[in-house]
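Per my numbering, the sequence shown starts with residue 155, numbered consecutively. Some notes on the structure that comes next.
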Amino acid sequence: VNIYNPIEIKKIRKSKKINNRIISVGRLENQKNFLGLVRAFDIVSKKLPEIQLLIVGSGQEKKELQILCKLLNLSKKVVFKEYQNPDKLINSSKLFVLNSLWEGLPNILIETQILKTPILSTNCFSGPSEILINEKLGYLTPVNNHIKLANKIIFILKNYDRAQKKALIASQNLKRFEKNSQCKKYELFLSRFY
155 VNIYNPIEIK KIRKSKKINN RIISVGRLEN QKNFLGLVRA FDIVSKKLPE IQLLIVGSGQ
215 EKKELQILCK LLNLSKKVVF KEYQNPDKLI NSSKLFVLNS LWEGLPNILI ETQILKTPIL
275 STNCFSGPSE ILINEKLGYL TPVNNHIKLA NKIIFILKNY DRAQKKALIA SQNLKRFEKN
335 SQCKKYELFL SRFY
């Protein structure tokens, strides 16, 4: 029996104003591979010059990321925001990207599904493939491959209706993470020992 992180499933309306941007949220550390995301975005922005990248988070790699953006002439297209509750920003973004090298069960993907925002994640160990049910509810890309990541972002944005349909189906398939059902599984598991 799988016991997922219990999540409170809130009913949230999809933002009417969707900004022409990709968003990524997390600690600015090696595990999250934001450097790879910026390199991918460099390729994307050449094909889709109107798109922006919003990075929400703080951490040790922030200066390195800003230097890379400057070197790639992306300083005006990549926006950094300190960590905050990202719900409104995710809700009004076109695409959420998780470019991690590894994960546990990334709650941010579940929270993004609640917001009906399309998702692209690395197929890292562990969690994303399970949350996205092998690409039925979002998109997966190989770990640490910024060229394939860029190509997948371009594909998603050029086939955006399909991405939105996946996001809508994802928002309707969240019962497996719902707080009450997961807490009951914990109770059942613990009752075996008491």
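Note that the Cβ used here is the ideal one computed from N, Cα and C, for glycine as well. None of the values given here were measured: they were computed from a predicted structure.
Would residue i be called buried (16 or more neighbouring beta carbons within 10 Å of its own) or exposed?
{"i": "GLU236", "result": "exposed"}
{"i": "GLN185", "result": "exposed"}
{"i": "SER325", "result": "buried"}
{"i": "GLU162", "result": "exposed"}
{"i": "LEU229", "result": "The displayed chain sequence assigns Ser, not Leu, to residue 229. Classification of SER229: exposed, given that the 10 Å Cβ count is below 16."}
{"i": "ASN187", "result": "buried"}
{"i": "ASP315", "result": "exposed"}
{"i": "GLU257", "result": "buried"}
{"i": "ILE301", "result": "exposed"}
{"i": "LEU342", "result": "exposed"}
{"i": "SER113", "result": "This structure leaves residue 113 out entirely; the chain is present only between 155 and 348."}
{"i": "PHE331", "result": "buried"}
{"i": "LYS270", "result": "buried"}
{"i": "ALA345", "result": "The sequence as given places Ser at residue 345; Ala does not occur at that position. Exposed is the call here."}
{"i": "ASN245", "result": "buried"}
Quick one: measure Cβ to Cβ for residue i and residue j, integer angstroms, because I've assumed they're closer than 8 angstroms.
{"i": "LEU208", "j": "ILE177", "result": "5 angstroms"}
{"i": "THR276", "j": "THR295", "result": "6 angstroms"}
{"i": "LYS306", "j": "PRO272", "result": "Going by Cβ atoms, the distance from LYS306 to PRO272 rounds to 11 angstroms, so no, they are not a contact pair."}
{"i": "ILE262", "j": "GLY180", "result": "7 angstroms"}
{"i": "LEU311", "j": "LEU202", "result": "6 angstroms"}
{"i": "PRO282", "j": "LEU252", "result": "7 angstroms"}
{"i": "LYS248", "j": "ILE197", "result": "Actually they do not touch by this definition, with Cβ atoms about 17 angstroms apart."}
{"i": "ILE268", "j": "LEU328", "result": "7 angstroms"}
{"i": "PRO240", "j": "VAL192", "result": "Contact doesn't hold; Cβ gap of about 18 angstroms is too wide."}
{"i": "GLN206", "j": "VAL233", "result": "6 angstroms"}
At which residues does the beta strand (DSSP E) containing residue i begin and terminate?
{"i": "LEU189", "result": "No beta strand (DSSP E) contains LEU189, which is instead part of the alpha helix (DSSP H) from 188-201."}
{"i": "GLN206", "result": "206-210"}
{"i": "PHE234", "result": "232-235"}
{"i": "LEU274", "result": "273-276"}
Tell me which residue opens and which closes the alpha helix (DSSP H) that residue i is part of.
{"i": "ILE262", "result": "261-268"}
{"i": "ILE221", "result": "216-225"}
{"i": "SER283", "result": "282-285"}
Using DSSP's beta-bridge definition, name the partner residues of residue i.
{"i": "ASN173", "result": "SER247"}
{"i": "SER178", "result": "ILE209"}
{"i": "TYR293", "result": "LEU274"}
{"i": "GLU332", "result": "ILE161"}
{"i": "LEU252", "result": "SER275"}
* **Complete runs of the beta strand (DSSP E) confined to the segment 298-325 [at least 3 residues]** => none
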